[in-house]
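Enquirer:
Numbering (this note's numbering), first residue to last: 1156 to 1591.
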């Protein structure tokens, strides 16, 4: 059975988005594309350095970007993070500002054999769908009566990922890693339409009453298992410095899932009566193709003193296919990130500020959107601090970024983020204590 859907162009959605935006996680009209807007892939530690993490690891953090770095987690680390984002969407002489705070990730890294093998697991958001737009139009009825039509297009949900990674050190300089990933989540999209007679009912004998709101509701549940791979190489340069290189590959494929669709109508007066289902499809099996992702990184450091690194990642979202075998609004994407950190004196006993890590970064990204032949650019600057708390670490990072479009019919985005992460653990967590 098929359902005839109301047709909304994305340009109309973007034009009307500002009139009804609401504060929520990663609010963006562009999350209408594909499976939503891609979220940060790293921890607060990584994001404060532009997002780098393919070649550079840390013994104080769970190395979640490249599983090949897990052997360098010599003791158990549990890492959780929060994110605050303030986003301004502007264009066509309109501006909308929204803020939110949310949990960003829960991760852990455990040594199986020190300096040889490490394990990681965790959960974090992969994509977010979050948009709402309202369109009001007027037309003449059969007898030339003025009719107003209000249509609301709304999307909520997204895809999360739970992962289990394993890294193994093959030699002094070379390590490999593999990560199993479960992608799961639900995406709900709703188009509701209602009609109103604009005439005064008290003075109009033939006033038309439109008692119902008609809604097309599309609910997709996603579940998919995939595998990611990582490589890491470290070489000493002189007595004190180290050159790091890394590579990652995330396997693409068909995402399985279920889909529920229904066309229903409900009373405007919200009387509590259940909606009338006119047509429906329940528990339909679907498949969406998600493209592979690859990345390379290099960094140069003096351990416990300073580091600078560069990452490149790419993913061809032009190969994305939704459950109908169609790609709407998605194109290829790539990101270049540069970042680093400096620690004045990690062993200082007289100055706490000398033991703090000072971080910086920048990035340029081509977003995965293909809309009205527009050209999209995204760039940003990052910074932050790593505060030692015993064997643990408090990370605070900042990011300012812009998404710019070269068409007046579309909207720019300006984003300010605060990423907070706390990594706690210690070398002796799993050592059995003895007492006299």
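Beta carbons are placed, not taken as given, at the ideal position from N, Cα and C, and that holds for glycine.
#1: Looking at the secondary structure, which residues open and close the alpha helix (DSSP H) in which residue 1201 lies?
#2: Taking residue 1443 as the reference, which of 1413, 1362, 1417, 1431 has the closest Cα?
#3: Chain D beta carbons: is any one of them nearer than 8 Å to that of residue 1453?
#4: Quick one, which of 1241, 1222, 1314 has its alpha-carbon nearest residue 1273's?
#5: Can you tell which of 1436, 1395, 1328 has the C-alpha that lies nearest to the C-alpha of residue 1461?
#6: Are the Cβ atoms of residue 1333 and residue 1350 separated by less than 8 Å?
#7: Compare the Cα-Cα distances from residue 1193 to each of 1530, 1199, 1200, 1182 and report the closest residue.
#8: Buried or exposed, going by whether 16 or more other CB atoms sit within 10 Å of the CB of residue 1161?
#9: For residue 1393, tell me which candidate among 1457, 1507, 1199 has the shortest Cα-Cα distance.
#10: Using CA atoms only, rank isn't needed, just tell me which of 1201, 1579, 1268, 1534 is closest to residue 1567.
#11: Which residues in the same chain as residue 1432 place their Cβ atom closer than 7 Å to its Cβ, once the five residues preceding and following it in sequence are excluded?
#12: Taking C-alpha atoms, which residue in 1377, 1439, 1347 lies nearest to residue 1339?
#13: Should residue 1558 be counted as a contact of the ligand MN given a C-beta to heavy atom distance under 7 Å?
#14: Bridge partners of residue 1507, per DSSP?
#15: List the residues that DSSP assigns as beta-bridge partners of residue 1372.
#16: Does DSSP put residue 1185 in a helix, in a strand, or in coil?
#17: Quick one: measure Cβ to Cβ for residue 1380 and residue 1342, integer angstroms, because I've assumed they're closer than 8 Å.
#18: Rounded to a whole number of angstroms, what is the C-alpha to C-alpha distance between residue 1199 and residue 1188?
#19: What is the rounded straight-line gap between the Cα of residue 1299 and the Cα of residue 1191?
#20: When burial is assigned at 16 or more other CB atoms within 10 Å of the CB, is residue 1435 buried or exposed?
#21: On a CA-only basis, which of 1347, 1277, 1268 is nearest residue 1291? Give me that one, please.
#22: Here's the rule I'm using: 16 or more other beta-carbon atoms within 10 Å means buried, otherwise exposed. How should residue 1514 be labelled?
#23: Rounded to whole angstroms, how far is the Cβ of residue 1463 from the Cβ of residue 1421, which I believe are closer than 8 Å?
#24: Where does the unbroken beta strand (DSSP E) through residue 1466 begin, and where does it stop?
#25: Using the Cα positions of residue 1203 and residue 1209, report the straight-line distance between them to the nearest angstrom.
#26: On the DSSP letters alone, give me the boundaries of the beta strand (DSSP E) that residue 1364 sits inside.
#27: At which residues does the beta strand (DSSP E) containing residue 1289 begin and terminate?
#28: Looking only at its own chain, which residues have a Cβ that is under 7 Å from the Cβ of residue 1607, when we skip the five neighbours before and after it?
#29: What distance in whole Å lies between the Cβ atoms of residue 1246 and residue 1565, which are believed to be in contact at a cut-off of 8 Å?
#30: In the DSSP assignment, find the beta strand (DSSP E) that holds residue 1543 and state where it starts and stops.
#31: Please report the distance separating the alpha-carbon of residue 1424 from that of residue 1307.
#32: Check whether the stretch 1238-1245 and the stretch 1254-1261 are in contact - that is, three or more C-beta pairs closer than 8 Å.
#33: Quick check on the burial criterion: 16 or more other C-beta atoms within 10 angstroms. Buried or exposed for residue 1496?
#34: Can you tell me which of 1293, 1517, 1526, 1430 puts its alpha carbon nearest to the alpha carbon of residue 1107?
#35: Is it true that the CB of residue 1512 sits closer than 8 Å to the CB of residue 1486?
#36: Rounded to the nearest angstrom, how far is the Cβ of residue 1236 from that of residue 1575, given a contact under 8 Å?
Expert: For this structure:
#1: 1199-1202
#2: 1413
#3: Absent here is chain D; the protein component of the structure consists of one chain.
#4: 1222
#5: 1395
#6: Judged by beta-carbon spacing, residue 1350 lies beyond the 8 Å limit of residue 1333, meaning their Cβ atoms are not closer than that value.
#7: It is 1182.
#8: Summary for residue 1161: the model assigns pLDDT 40, below 50, so the residue's position carries little reliability; its value from the coordinates is reported in the next sentence. Burial call: exposed.
#9: 1457
#10: Out of 1201, 1579, 1268, 1534, 1534 has the C-alpha closest to the C-alpha of residue 1567.
#11: 1417, 1419
#12: 1377
#13: For the ligand MN, the structure offers nothing, since it holds no ligand at all.
#14: Beta-bridge annotation (DSSP): residue 1507 is not paired with any residue.
#15: 1345, 1417
#16: Looking at residue 1185 - three-state DSSP - the assignment turns out to be helix.
#17: Wrong, their Cβ atoms sit about 19 Å apart, outside the cutoff.
#18: 26 Å
#19: 42 Å
#20: exposed
#21: Cα-wise, what sits closest to residue 1291 is 1347.
#22: So residue 1514 counts as buried.
#23: Incorrect: roughly 58 Å between the Cβ atoms, too far for contact.
#24: 1461-1471
#25: 15 Å
#26: Neither: residue 1364 is in no beta strand (DSSP E) and is coded neither H nor E.
#27: 1272-1295
#28: The structure shown does not extend to residue 1607, since the chain spans only 1156 to 1591, so no value can be given for it.
#29: 7 Å
#30: 1531-1544
#31: Note on geometry: alpha-carbon atoms of residue 1424 and residue 1307 lie some 17 Å from one another.
#32: yes
#33: buried
#34: The requested residue 1107 does not occur in the structure, where the chain is confined to residues 1156 to 1591.
#35: no
#36: 6 Å
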